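Have a look at the structure below before the remarks.
Residue numbers (our numbering): 23 to 275.
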């Protein structure tokens, strides 16, 4: 049985899978931005849709650890603002997934990220940040974009970063809020990957289980690193990482 699991991928694919699992754990522990490097890395190793189905269970596993550690820091009023339209965004993305190929997926995500980069600059103005943080319609827009991009390519990190950073939310509250938001939305996505897209199978899930120790290691490493990052440095770290990742998506590095 175990030999059959190992034979489903070659050695390079297994290496990529374990590296991705480690980065997912670190990202869920608060090193925001690392998780997005997984999108092009996994797509190159496994193909577009197949990679999305492999990544989602690992994200869900890491969500459990992140929520367990940062649970008390979550800002539920932001989550409640974002979730309704995030669900709508996921449902729209499910339909789009039937008609759009992987290359167009990446282009759509890149366009969304370009808009996010503009907002990253604008949000540094106090008046604009206050508008974004308080306006329920802005939350709805970002929730919808987050739901769409997370279903298409597990790529909602930059979208959520733009909105939540505009609220000037403290570091641990930011991590706790995103941890709960993504755990809820990832669990919502799961059955659609299994029964509609067919991107999560028993064979792929067994590979995810083998990667679980790397996820756990990543979570603990991430927690240690986050404790040593000052508040202001953390904020600019997230912005810089979002910028770099957006360029990767846009230029196809």
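All residues carry an ideal CB built from backbone N, CA and C; glycine is no exception. For clarity, every value in this text was computed on a predicted model and none was experimentally measured.
Contact belief for residue i with residue j at Cβ below 8 Å, rounded distance in angstroms
i, j, result
"residue 52", "residue 184", "At roughly 17 Å, the Cβ-Cβ gap does not stay under 8 Å, so residue 52 and residue 184 are not in contact."
"residue 208", "residue 78", "6 Å"
"residue 84", "residue 50", "4 Å"
"residue 101", "residue 203", "5 Å"
"residue 103", "residue 165", "7 Å"
"residue 241", "residue 87", "4 Å"
"residue 76", "residue 229", "7 Å"
"residue 212", "residue 82", "7 Å"
"residue 199", "residue 186", "6 Å"
Within 7 Å, strictly: CB atoms of residue i and residue j
i, j, result
"residue 160", "residue 168", "no"
"residue 243", "residue 107", "no"
"residue 112", "residue 205", "no"
"residue 197", "residue 92", "yes"
"residue 46", "residue 237", "yes"
"residue 129", "residue 70", "no"
"residue 176", "residue 109", "no"
"residue 215", "residue 223", "no"
"residue 72", "residue 38", "no"
"residue 171", "residue 116", "no"
Endpoints, alpha helix (DSSP H) assigned at residue i
i, result
"residue 30", "Careful: residue 30 lies outside any alpha helix (DSSP H) and carries neither H nor E."
"residue 118", "98-118"
Interface flag, residue i vs chain C, CB-CB below 7 Å
i, result
"residue 259", "No chain C appears in the structure shown, which is made up of a single protein chain."
Touch test, the region 231-243 against the region 37-44, Cβ-Cβ under 8 Å, three pairs minimum: yes
Runs of beta strand (DSSP E) lying entirely within the region 26-95, each at least 3 residues, in chain order: None, since the region 26-95 contains no complete beta strand (DSSP E) of that length.
Segments of 4+ residues assigned as alpha helix (DSSP H) that fall wholly inside the region 166-246: 179-188, 193-214 and 224-232
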